[in-house]
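Visitor: Just dropping this structure here.
Residue numbers (our numbering): 253 to 471.
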């Protein structure tokens, strides 16, 4: 494979070779036709650049706790349903959570069995007590750290920040793909942002292969 990549892009071949742990680059595979290196990149061939810029048809995971602000949870649900897209409520208890207006919102997943890998984007809407409790829960921290590591968009209210910090997503680590929301307007802006599907620039900070590719392209 790497021998063929050398006929396509030297940098890509070098990065792949390093990721595979090859001690040295192989010889390029003999090409039947002399490879052309004068062609410009084509946006028409890009999967990312041609993806629909909408969250329609995708899935949002909403992690909530008792005392979470109902206005934010309900706003996210309403916006997602209008797209239409789908959502699942994830909570510390399988029965769900009692929001700050006294309503019980049923959970589809208990946090132990509802990892963020199931979702295209996640929202973490907690009460101060809920954030403090979940900051000591490994699966809740994994929910956040996995979403961050997979370059997913993450929304949270200010009260949920202690969980993000415990999960390794500190203020220093947070980027434009991690959004703090405080109103229905903020929730709508977040779902619009999720139309990009992933915050790809984060890859250069959290993925060794992406970082290696960036380093190889310097200069």
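Virtual Cβ for every residue (Gly too), placed ideally from N, Cα, C.
Which residue wins for smallest C-alpha separation from residue 277, given the options 286, 254, 283?
Guide: Comparing Cα positions, the closest option is 254.
Visitor: Relative to the C-alpha of residue 311, which candidate in 345, 388, 335, 351 has its C-alpha closest?
Guide: When each option's Cα is compared against that of residue 311, the closest is 335.
Visitor: Residue 327: which of 449, 409, 302 sits nearest, CA to CA?
Guide: When only C-alpha atoms are compared, the closest one is 409.
Visitor: Can you tell me the Cβ-Cβ gap for residue 316 and residue 377, rounded? I've got them flagged as a contact below 8 Å.
Guide: Confirmed, Cβ separation roughly 5 Å.
Visitor: Give the list of continuous alpha helix (DSSP H) stretches no shorter than 4 residues that lie fully inside the region 369 to 438.
Guide: Complete alpha helix (DSSP H) runs here, min 4: 380 to 386, 390 to 401, 413 to 418.
Visitor: How is residue 309 classed by DSSP in three states: helix, strand or coil?
Guide: In the structure shown, residue 309 sits in coil (DSSP, three-state: anything other than H, G, I, E or B).
Visitor: Compare the beta carbon distance of residue 404 and residue 374 with 8 Å and say whether it is the shorter of the two.
Guide: Closer than 8 Å, so yes.
Visitor: Near residue 283, what residues of its chain come up, given a Cβ to Cβ distance below 8 Å and the 5 sequence neighbours on each side ignored?
Guide: The answer, listed in chain order, is 259.
Visitor: Based on DSSP bridge pairs, tell me the residues matched to residue 230.
Guide: What the structure shows of the chain is the stretch from 253 to 471, and residue 230 is not part of that stretch, so it cannot be assessed.
Visitor: Verify the CB distance criterion: does residue 344 have a CB-CB separation below 8 Å to chain C?
Guide: No chain C appears in the structure shown, which is made up of a single protein chain.
Visitor: What do you reckon, are the CB atoms on residue 396 and residue 359 nearer than 8 Å?
Guide: Taking 8 Å as the Cβ cut-off, residue 396 and residue 359 do not qualify as a contacting pair.
Visitor: What's the gap between the Cα of residue 438 and the Cα of residue 325?
Guide: Their Cα atoms are separated by approximately 12 Å.
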